[in-house]
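Encoded as structure tokens, the structure appears first; notes follow it.
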């Protein structure tokens with residue numbers, strides 16, 4: 017595709033529910049990143065994939081957060097037992113190699129009520 | 073891990089003036105330093121980047137300088153225009169496989185005409 021695509025663009029869920037956020041990277045990009053951005057803050061690193069494997073998941077805040085990229089393209093960020101503090105914009109980015117600039121998607125705005 | 077500090081948090085200038093945003097980083101092994109511009113409600117977009125083998129890079133009205141000894145880098149915007157108004161983020165990483173881009177908290181630049 018022309019750019020990084022994230023769906024849904026907005027997600028409202030109730031506290032305690034499970035959510036999945038999807039990222040379609042730029043075709044051919046091997047590196048994929050998930051970030052979380054709260055209002056007035058910089059993007060906070062969550063997890064980085066190189067191909068199918070998570071090269072660095074040190075930013076995941078706790079075990080309620082999990083991400084997969086089974087075929088080395090589309091990635092899904094999964095959040096279990098959502099909490100109000102999980103409300104933020106979740107940004108996905110991809111790059112052609114680990115050494116290349118990141119291209120961000122428009123993000124998914126998650127609101128936990 | 074890497075920590076990136078960014079100053080100032082807000083910056084107001086008159087159209088035509090210059091704007092300077094400064095960042096410091098903690099990991100001396102970091103060697104890639106991009107700057108992103110984020111307009112309200114939009115995705116972060118790369119505006120310029122610099123690698124540690126150079127001290128300065130220019131692109132029209134935008135320049136970035138890097139001082140590896142002091143572990144700081146700066147964004148310089150000359151002849152500012154109202155459309156430069158946005159949030160600017162600096163970031164740092166060790167640009168080899170398995171390392172993530174760590175962002176500063178951002179600078180809100182307002183250019184008044």
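Chains as they are written, first to last, in our numbering: chain U, 17 to 129; chain W, 73 to 185. The beta-carbon is built from N, C-alpha and C at its ideal position, and this holds for glycine as well. Computed from a predicted structure; not experimentally measured.
Cβ pair residue i, residue j closer than 8 Å
i: residue 74 of chain W; j: residue 99 of chain W; result: yes
i: residue 175 of chain W; j: residue 59 of chain U; result: yes
i: residue 128 of chain U; j: residue 53 of chain U; result: no
i: residue 158 of chain W; j: residue 173 of chain W; result: no
i: residue 87 of chain U; j: residue 68 of chain U; result: yes
i: residue 81 of chain W; j: residue 164 of chain W; result: no
i: residue 126 of chain U; j: residue 92 of chain U; result: no
i: residue 22 of chain U; j: residue 124 of chain U; result: yes
i: residue 148 of chain W; j: residue 90 of chain W; result: yes
i: residue 80 of chain U; j: residue 31 of chain U; result: no
i: residue 76 of chain U; j: residue 62 of chain U; result: yes
Residue from the options with nearest C-alpha to residue i
i: residue 110 of chain U; options: U:89, U:97 and U:93; result: U:89
i: residue 34 of chain U; options: U:123, U:119 and U:98; result: U:98
i: residue 139 of chain W; options: W:160, W:97, W:91 and W:118; result: W:97
i: residue 51 of chain U; options: U:84, U:107 and U:20; result: U:107
i: residue 124 of chain W; options: U:19, U:115, U:20 and U:18; result: U:115
i: residue 41 of chain U; options: U:119, U:20 and U:55; result: U:20
i: residue 84 of chain U; options: U:70, U:74 and U:96; result: U:70
i: residue 66 of chain U; options: U:55, U:74 and U:46; result: U:46
Sequence-distant residues of its chain with Cβ nearer than 8 Å to residue i (five each side left out)
i: residue 184 of chain W; result: 84, 85, 86, 87 and 154
i: residue 117 of chain U; result: 111
i: residue 116 of chain W; result: 108, 109, 110 and 161
i: residue 44 of chain U; result: 112
Cut-off 6 Å between Cβ atoms - residues of its own chain near residue i, not counting five sequence neighbours on either side
i: residue 72 of chain U; result: 64
i: residue 78 of chain U; result: none
i: residue 137 of chain W; result: 128 and 146
i: residue 178 of chain W; result: 159 and 161
i: residue 106 of chain W; result: 118, 121 and 163
i: residue 93 of chain W; result: 147, 160 and 179
i: residue 26 of chain U; result: 125
Buried or exposed (CB count within 10 angstroms, at least 16 for buried), residue i
i: residue 109 of chain W; result: buried
i: residue 28 of chain U; result: exposed
i: residue 131 of chain W; result: exposed
i: residue 121 of chain U; result: buried
i: residue 126 of chain W; result: exposed
i: residue 95 of chain W; result: buried
i: residue 141 of chain W; result: exposed
i: residue 18 of chain U; result: exposed
Closer than 8 Å at the beta carbon, the chain B residues around residue i
i: residue 117 of chain U; result: Annotation note: the requested chain B is absent from the structure, which comprises protein chains U and W.
Cβ-based neighbour list, residue i, same chain, cut-off 7 Å, excluding 5 preceding and 5 following
i: residue 169 of chain W; result: Because the pLDDT at residue 169 of chain W is just 48, under 50, the model does not fix this residue reliably, and the value given afterwards should be weighed accordingly. So the list is empty, once near-sequence residues are dropped.
i: residue 133 of chain W; result: 149, 150 and 151
Residues that DSSP places opposite residue i in a beta bridge
i: residue 34 of chain U; result: Bridge partners of residue 34 of chain U: none, in fact.
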